[in-house]
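Quick notes on the structure that follows.
In the working numbering, the protein residues as written are 7 to 570.
What follows is the structure, given as structure tokens:
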């Protein structure tokens, strides 16, 4: 009998890795004393292949069919209800439905799992494969819809304050019976499941309103009785390790919880108001953030320019835009791309939103004197190659960043301006000499986020000439070109949009622009020079995404109102 083919061989045969990469991975795996592990998992951890590619190779090796979307839609709550979530998470498996056989989603062959399934269902098991990266989300969603019905709060539930211990288990299978704890846990789990970026608990005269921000838009998800307010706020403060007796001053904290086996961080902010404290939880779910320049929405030309800038040996690269426009995510994506063992990267941030392996990250703390300026001054003594400063807020920070650039460092930072050309005048207004700006700033990126149309329900249409003209497009040229508009369906929560993409204005400085900066020419003159050299403004880049059907013309106009 022929021996079973190895996963590594199949990955090479399919072109997912080459022989050299496989050999290097096997050697590295052995050197790390992980020789008994699975080479597919090791290659995924090293970023050489995707979990889906390993699943495809395993399917060919084992002969097990990969689960399709149609298979997953056959989930039977009655069948799932007989299989405890603890076993589902332990074995990375999910029973779907039963006919003469039991059909189960798995990530691997595990005889112990099959024995457990047979003992529960007394049926032959038919396996369907999914990737290890996908199974946790499937378990989360499946058990949330079957077991964890949306909790509501009644005024009578709050006869006593919930002040339980702040260590909570995985929220999906938490056994806490206290109404306040169940409500907070379910609200957090629901927000993560729906890929919200923020949870707002807002105190009003006669109620507390819970809102989620999804794709940049806030919507009400629940109204809570006023009687629940004290318990609700206290519970979140306990989880955040904040002072529960301090109700007069704002406080900042953080929460780390498990949801379906995944670690999720939350940044917590409390704010006193007329009717009591309001709380906002910012969800820092690295799984939902694609820290990749390729996934950010750059045109091919701008992507090439970005890569040229971030691989420079020295200089200052600035990202501009209002709060919530994705500046930090873009910088993280750039750092992730250039991060390597032979480069030392140090960041000073407020706060550190995502931890990047191999990058030294500093969280500023103004209460003890650790500011952007003092942190930046200190890290220069740590011999870094690349520095990221969360924001240039004042002349002192700008001066240190410029000196760092002049001494051979590549500096990334953000600046609060509406467009790229205005960054130069903003630095001049801070008191920085124009000749220093022109000799250190190598590029400026302005950006916004636009909502992407839901692919399941977007609808083609032909916008009126006035809309096309406002987008900067020739109505005659695009009269017969279909654009797309938002409709709404269950897939996108009836919003018509699902996810967001960046629109960009990327300015790379050249000799002509340097002379303009030294001459203190205003932002409009700098814009004209940059446009003549091929720079697209925010609206023009947004129009390209509308032409491709990524977003709607109305969304582009909404997000670029000031860029006319």
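Note that the Cβ used here is the ideal one computed from N, Cα and C, for glycine as well.
- Exposure of residue 472 is indicated by the presence of fewer than 16 other C-beta atoms within 10 angstroms of its C-beta.
- If you draw a straight line from the Cα of residue 476 to the Cα of residue 533, it is about 19 Å long.
- For residue 211, the three-state secondary structure derived from DSSP is coil.
- In the DSSP annotation of this structure, the continuous segment of the beta strand (DSSP E) that includes residue 355 starts and ends at 351–355.
- Residue 249: not part of any alpha helix (DSSP H); DSSP gives it neither H nor E.
- Here residue 376 is bridged, per DSSP, to 371.
- Of the other Cβ atoms in all chains shown, 16 or more fall within 10 Å of the Cβ of residue 432; this residue is therefore buried.
- For the options 12, 398, 427, 204, the alpha carbon positioned closest to that of residue 288 is the one of 204.
- Each residue's CA atom was taken as its position, placing residue 304 and residue 424 some 18 Å apart.
- Residue 117 is classed as exposed because its beta carbon has fewer than 16 other beta carbons within 10 Å across all chains shown.
- Around the CB of residue 539, fewer than 16 other CB atoms lie within 10 Å, so the residue is classed as exposed.
- For residue 272, the enclosing beta strand (DSSP E) begins and ends at 268–277.
- In the structure shown, residue 56 falls within a coil segment according to DSSP collapsed to helix, strand and coil.
- As the crow flies, the alpha-carbon of residue 234 is around 20 Å from that of residue 257.
- Remark: C-beta atoms of residue 452 and residue 511 approach each other more closely than 8 Å.
- At a Cβ-Cβ threshold of 8 Å, residue 302 and residue 339 count as neighbours.
- In summary, residue 462 is exposed, with fewer than 16 beta-carbon neighbours lying within 10 Å of its beta-carbon over all protein chains present.
- Taking C-beta separations shorter than 6 Å and ignoring five residues to either side along the sequence, the partners of residue 420 in its chain run 325, 333, 397, following chain order.
- Residue 26 is not bridged by DSSP to any residue.
- Secondary structure at residue 489: strand, using DSSP grouped into helix, strand and coil.
- Residue 217 and residue 492 have their C-alpha atoms spaced approximately 22 Å apart.
- Remark: C-beta atoms of residue 45 and residue 87 do not approach each other more closely than 8 Å.
- Under DSSP, residue 260 shares a beta bridge with 273.
- Ranking 323, 384, 244 by CA distance to the CA of residue 262 puts 244 first.
- Short of 8 Å from the beta carbon of residue 402, and not among the five residues preceding or following it, lie these beta carbons of its own chain, in chain order: 379.
- Given a length threshold of 3 residues, each whole run of the beta strand (DSSP E) inside the segment 394–471 is given here in chain order: 416–421, 447–459, 465–467.
- Annotated as distal: residue 275 and residue 209, with beta-carbon spacing of 8 Å or more.
- Contact annotation: residue 17 and residue 55 have beta-carbon atoms nearer than 8 Å.
- In the three-state reduction of the DSSP assignment, residue 339 falls in the helix class, which pools H, G and I.
- One Cα belongs to residue 330, the other to residue 454, and the distance between them is close to 8 Å.
- If the five residues before and after residue 11 are omitted, its C-beta is found closer than 7 Å to the C-beta atoms of 67, all from its own chain and listed in chain order.
- With distances taken between CA atoms, residue 545 lies nearest to 474 out of 525, 474, 515.
- Sequence-distant Cβ neighbours of residue 526 in its own chain, meaning closer than 6 Å and more than five residues away, are 440.
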